[in-house]
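**Q** Be aware that the sequence shown starts at 5, since it is given in this note's numbering, and climbs by one per residue. Please find one structure pasted underneath; my questions will follow.
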Amino acid sequence: MAQEEIQIPTVLVVDDNPHNLELILAYLEDVDCRAVSAEGGSEALDIIKNDPPDLVLLDVMMPKISGFEVCRILKNNPQTAHIPIIMVTALNEMGDIERAIQSGTDDFLSKPVNKWELITRVKTMLRLKHLTDKLERTLAYLSEIESNIHQIKPR
5 MAQEEIQIPT VLVVDDNPHN LELILAYLED VDCRAVSAEG GSEALDIIKN
55 DPPDLVLLDV MMPKISGFEV CRILKNNPQT AHIPIIMVTA LNEMGDIERA
105 IQSGTDDFLS KPVNKWELIT RVKTMLRLKH LTDKLERTLA YLSEIESNIH
155 QIKPR
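What follows is the structure, given as structure tokens:
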């Protein structure tokens, strides 16, 4: 296998409230990542389609398309299902948490967001995403080797 190229991960922050976007983007300055933002679900889906991030921090309560729906769309699409999503919301009733989990979220943060909790969860999700991607590349490489072996020596 070729030497791995180190890439800075991308985190997409989605929130319709400019203050919340600014705050989370400021917190992410303490994480080794490229942070990009979207002010709503439709904009987020466009960004993800053109340049899939390594992680999405997704507000739940947004006009037009909710975070629950954005999450459901992403998790039901094989091209984006692997992207981890952390829902960030002021909703903290058990029913809201259940709804977030049912929509496919990978984690859940309640507002107001604690800086160190956010940083810890983001770093954890990015590490898991990196390891998952590495495992998928390794499996593809092994599959290719197996295929080559079978071409040389059929079963």
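Just so it is clear, CB atoms sit at the ideal spot from N, CA and C, and this is done for glycine as well.
From the DSSP secondary-structure annotation, give me the bridge partner or partners of Ile90.
**A** Here residue 90 corresponds to residue number 86 of the sequence shown, with the count starting at 1. Note: Ile90 sits in a beta bridge opposite Leu61, Asp111.
**Q** What residue from Arg76, Ile101, Gly45 has the CA that sits closest to Met66's CA?
**A** As a working note, residue 66 is residue 62 in the sequence shown. Minimum Cα distance to Met66 is reached at Gly45.
**Q** Could you give the first and the last residue of the continuous alpha helix (DSSP H) run that contains Leu95?
**A** Within the sequence shown, the letter at position 91 stands for residue 95. Looking at the DSSP string, Leu95 is not in any alpha helix (DSSP H), and its letter there is neither H nor E.
**Q** Taking 6 Å as the limit between beta carbons, can you name the residues of its chain near Pro13, skipping five residues before and five after?
**A** Taking the first residue of the sequence shown as 1, we reach residue 13 at position 9. Around Pro13: Cys37, Asp58, Leu130.
**Q** Would you say the region 63-79 touches the region 88-105, given that touching needs at least three Cβ pairs under 8 Å?
**A** Per the Cβ contact rule, the region 63-79 is in contact with the region 88-105 (3 or more Cβ pairs under 8 Å).
**Q** Considering only DSSP beta bridges, list what Ala42 is partnered with.
**A** The residue given as residue 42 occupies position 38 in the sequence shown. Ala42 pairs with Val18.
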